[in-house]
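Q: Just passing along the structure, written as structure tokens.
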Amino acid sequence: MQLPGFKRDPIREEMRRINRESSRLGQTSRRLVEEASMVSPGRHEAIRSVSPASQVKQPPSLLVESRMARRKVMIAATISLVLAWILFRLVAG
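Count along the sequence shown from 1, then add 7; that gives the number in the working numbering.
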């Protein structure tokens, strides 16, 4: 419901949306950095001579490591940059 005399400002709404998207991307990147910096307990053990055939494959160090997740983050960052550029052109022009 709109109040009389109150017009919706599309630029301000777009800036809010971009700000929210930027915040989400920042949270995602912080989480990825935290997960990448976590050290698994097995990394500090002494190195033993083990034949390559008996080595067990280690789980991935990042919890979010799928190609799709990285692709989504990159697409979201690209979209936010394009929208920020469009908003800049609207405000500057």
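The C-beta atom is built at its ideal place from N, Cα and C for all residues, glycine as well.
Have a look at ARG24 and ILE86 and give me their C-alpha separation to the nearest angstrom.
A: ILE86 has its alpha-carbon roughly 12 Å from the corresponding atom of ARG24.
Q: Determine the extent of the alpha helix (DSSP H) in which SER29 is found, giving its start and end residues.
A: 17-44
Q: Using only CA atoms, which one of VAL80, ILE18, LYS14, GLU20 lies nearest to GLN34?
A: VAL80
Q: Return the chain-ordered list of same chain residues with a C-beta closer than 7 Å to the C-beta of ALA83, the five sequence neighbours on each side being excluded.
A: GLU28, LEU32
Q: Just checking my contact of MET22 with LEU94 at CB under 8 Å: how many whole Å lie between their CB atoms?
A: 6 Å
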